[in-house]
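Novice: Chains as they are written, first to last, in the working numbering: chain A, 3 to 313; chain B, 4 to 103. Beta carbons: idealized from backbone N, C-alpha and C, even for Gly.
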Amino acid sequence: MAKAVLNGIDVHYQIKGEGPDVVLIHGVTSTLAIWYMKVLGALSRRFRVTIYDLRGHGYSGMTETGYTSDAMADDLLALLDHLGIERACVVGHSFGGSIALHLAAKRPDRIAGVVLADTGIACLRRLRTIEDWPGWKNWKDELGEYGITYDWFVEAEGRDVADVIRKSFEIPQQFGIRKGAPRSTARLRKLINETRITEEFRSVAGLTEEVLEKIQTPILAVYGETSPYQKMGTHLATVMPNYRCKLIPDTGHFYLMHKVDEFLTRIEGFLMDPSGFVGETEERRVCDGTTDSSVEPRCEASRNGSTRNQL
Amino acid sequence: MQNLDRSVIRTDLLKILDELRDDWEFSGEVTEESGLFTQLEFESIDAVALGSALEDHYNQSLPFAEFLTKAAERKAADIKVGELVDFLTSHLRNGEGERA
Chain A
3 MAKAVLNGID
13 VHYQIKGEGP
23 DVVLIHGVTS
33 TLAIWYMKVL
43 GALSRRFRVT
53 IYDLRGHGYS
63 GMTETGYTSD
73 AMADDLLALL
83 DHLGIERACV
93 VGHSFGGSIA
103 LHLAAKRPDR
113 IAGVVLADTG
123 IACLRRLRTI
133 EDWPGWKNWK
143 DELGEYGITY
153 DWFVEAEGRD
163 VADVIRKSFE
173 IPQQFGIRKG
183 APRSTARLRK
193 LINETRITEE
203 FRSVAGLTEE
213 VLEKIQTPIL
223 AVYGETSPYQ
233 KMGTHLATVM
243 PNYRCKLIPD
253 TGHFYLMHKV
263 DEFLTRIEGF
273 LMDPSGFVGE
283 TEERRVCDGT
293 TDSSVEPRCE
303 ASRNGSTRNQ
313 L
Chain B
4 MQNLDRSVIR
14 TDLLKILDEL
24 RDDWEFSGEV
34 TEESGLFTQL
44 EFESIDAVAL
54 GSALEDHYNQ
64 SLPFAEFLTK
74 AAERKAADIK
84 VGELVDFLTS
94 HLRNGEGERA
C-alpha cells in the first residue's frame, strides 16, 4: 500500500498504467475504491492513472480541518509534486471536480484538462434545489421508508447537511460491491462527527463564478440527466470559456456505480487531447447525449449566446 | 511459478487479513464462511487494500478488480473468504500475469 506524507498527513494512493498522466479524485464520503473496479483498469490501458484517498477518507490521514476545495487542491498539488507529475488531466467525481477546478484556477500550468463527473460547485448552490431535482421522483418512495420526506429533506439540508449525511447512514448501500451492507462505517462517522468537513466542503472558499470564468483549462463535464447537480452543468456552459458538457440519460449523481461504461465512452477522447476536444466554435459548447427534450433548450441557450447567468 | 496448495493459500490469506486489521478495524473470528462486507465489516477501500496486499505478498498481478466487479453484479454482492481462497487458488496456480 503506497502512502506519502503530504501537508502533514499520510496520503494513500495507487498508480497503474503507462502514458499521459490522469489523476482521479473521488467525492466526499467516498474513497479511491470508486475508481478501482472498472475505471482504473480501463483508463490504465492508455494512461498512467493515479487514484488517491482524499484527506479524511479511506486510508489517508484525518484532520479536524482542511476540507475546502482550496485546501484539498493544495493536497492534490503536493501529490503531483511528490510523484513528479508535471501536468495531468484530472477527473473529479462530485466534490472531487471542485478540487480539480480549484487547482486549475491556482496552477493552470499543472492541469491539462478537467473532467467534472457530476460535480456540485459551492458557488452555484442556488441551482441545486430539491424542488427542481429531476431525480426526486425516482427516490422519494425509497427514501420515505427511512423517514426522509420532501419537507424533512428541505429543512435538514438548509439547517445542517451533516444531518442529511447521518440520516443517509441508515440506508443500505444501493450499488456496488457493498450493495445491501450498512452505509455507516466507523471511519465515516468519525469524519462527519469529529471534523469540519460538512461546513468546509460546502464553502465557496474562493472558487467563485468570477474565478471560474477565468479558467482557460479545457473542461469536459458529464452529468447524470436526473442528477440534482445537472443544472449546474448546463449553467457552466455560459460561464466557462473552454467547456463542453455531456449528459448520461436515465441516471443521476452516482452513474459511476452503474453506468460507468457510458461515462468512459464520453471522456476517452477528451483525455487523449483536451484542447483539441474543446478547442472550438460556440456551437460545440452545447450539452448533448440526452434524449430528454426538456434539457436541450437550456443547452441551446448557451449555444445561441444568451445572457450569462440567466439560468 | 510454484503451484500453491489451497490450504497454504488459505493460511496466507488469513494471515494477511490479520495484518490488515490496524487499518480495517475488525476484531472477530475469520472463517471461510465469513462475508467480507456483511460480517467482517469491510469497506470498499479495505477490499482494494486487500487486493494490493495479496499482489505484494505473491509478487504477482491478479485480476482482483474483475473479481470484485463480478461479485458486485450478483444479486447478493458479498464475498465469502472461501470464495477468495478459491479465486487465489485458481489464479496463482495458473501463474498468470506475473509481475516484471
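#1: Report the three-state DSSP secondary structure of residue 31(B) (helix, strand or coil).
#2: Please return the same chain residues whose Cβ sits closer than 6 Å to the Cβ of residue 87(A), not counting the five positions on each side in sequence.
#3: Considering only the beta carbon of each residue, do residue 120(A) and residue 104(A) sit closer than 8 Å?
#4: For residue 57(B), which residues from the same chain have a beta carbon less than 8 Å from its beta carbon, with the 5 sequence-adjacent residues on both sides left out?
#5: Say whether chain A places a C-beta atom closer than 8 Å to the C-beta of residue 71(B).
#6: Anything in the segment 15-43 of chain A with a Cβ closer than 8 Å to a Cβ of chain C? List those residues in chain order, please.
#7: Can you look up residue 208(A) in the DSSP assignment and give me helix, strand or coil?
#8: Do residue 69(A) and residue 3(A) have their beta-carbon atoms positioned less than 8 Å apart in this structure?
#9: Compute the Euclidean distance between the alpha carbons of residue 37(B) and residue 87(B), then round it to the nearest angstrom.
#10: Is the Cβ of residue 55(B) closer than 8 Å to any Cβ of chain A?
#11: Would the segment 251-262 of chain A and the segment 221-231 of chain A be scored as touching if the rule is three or more Cβ pairs under 8 Å?
#12: Within the 8 Å Cβ cut-off, does residue 200(A) reach chain B?
#13: Do you know how far the Cα of residue 72(B) is from the Cα of residue 103(B)?
#14: If you draw a straight line from the C-alpha of residue 2(B) to the C-alpha of residue 46(A), how long is it?
#15: Taking 8 Å as the CB-CB limit, is residue 22(B) close to chain A?
#16: Which residues, taken in chain order from the segment 170-184 of chain A, show a beta carbon closer than 9 Å to some beta carbon of chain B?
#17: Do residue 200(A) and residue 194(A) have their C-beta atoms within less than 8 Å of each other?
#18: If the cut-off is 8 Å on Cβ atoms, which residues from the segment 43-56 of chain A count as contacting chain B, listed in chain order?
#19: Could you give the distance in angstroms between the alpha-carbon of residue 206(A) and the alpha-carbon of residue 263(A)?
#20: To test your reading of the DSSP string, which unbroken beta strand (DSSP E) runs of 3 or more residues are found completely within the segment 117-173 of chain A?
#21: Give me the DSSP bridge partner(s) of residue 245(A).
#22: Quick test of the definition: if touching needs 3 or more C-beta pairs under 8 Å, does the segment 166-176 of chain A touch the segment 68-85 of chain A?
Specialist: This is what the structure gives:
#1: Counting from 1 along the second sequence, the entry for residue 31(B) is found at position 28. It is coil, neither helix nor strand.
#2: Against the first sequence, residue 87(A) aligns to sequence position 85. Contacts found: 23.
#3: By one-based count along the first sequence, residue 120(A) stands at place 118. By one-based count along the first sequence, residue 104(A) stands at place 102. Contact: no.
#4: Residue numbering aside, residue 57(B) sits at position 54 when the second sequence is read from its first letter. If we look at residue 57(B) and ignore the five residues flanking it on each side, its Cβ neighbours are 16, 19, 65, 67 and 91.
#5: Locating residue 71(B) in the second sequence gives position 68, counting from the first residue. Closer than 8 Å: yes.
#6: The structure shown contains no chain C; the protein chains it does contain are A and B.
#7: As a working mapping, residue 208(A) is identified with position 206 in the first sequence. Reduced to three states, the DSSP call for residue 208(A) is coil.
#8: Taking the first residue of the first sequence as 1, we reach residue 3(A) at position 1. Taking the first residue of the first sequence as 1, we reach residue 69(A) at position 67. Not closer than 8 Å, so no.
#9: As a working mapping, residue 37(B) is identified with position 34 in the second sequence. As a working mapping, residue 87(B) is identified with position 84 in the second sequence. In a straight line, the C-alpha of residue 37(B) is about 11 Å away from that of residue 87(B).
#10: Within the second sequence, residue 55(B) is the residue found at index 52, counting from 1. By this cut-off, residue 55(B) is an interface position.
#11: yes
#12: For the purposes of this step, residue 200(A) is taken as residue 198 along the first sequence, with counting starting at 1. Chain B, which has no Cβ nearer than 8 Å to the Cβ of residue 200(A), makes this no.
#13: As a position in the second sequence, residue 103(B) is number 100, starting the count at 1. As a position in the second sequence, residue 72(B) is number 69, starting the count at 1. Below a pLDDT of 50, predicted positions are generally treated as unreliable, and residue 103(B), at 36, falls in that range; the measurement from the model is reported next regardless. Going from the Cα of residue 103(B) to the Cα of residue 72(B) covers about 25 Å.
#14: The first residue shown for chain B is 4 and the last is 103, placing residue 2(B) beyond what the model contains.
#15: Indexing the second sequence from 1 puts residue 22(B) at position 19. No, residue 22(B) does not count as interfacial toward chain A.
#16: 175, 177, 178, 179, 180, 181, 182, 183 and 184
#17: Here residue 200(A) refers to the residue found at position 198 of the first sequence. Here residue 194(A) refers to the residue found at position 192 of the first sequence. The answer is yes: Cβ separation under 8 Å.
#18: 43 and 55
#19: As a working mapping, residue 206(A) is identified with position 204 in the first sequence. As a working mapping, residue 263(A) is identified with position 261 in the first sequence. Their backbone Cα atoms lie some 32 Å apart in a straight line.
#20: none
#21: For the purposes of this step, residue 245(A) is taken as the residue at position 243 of the first sequence. Answer is 221(A).
#22: no
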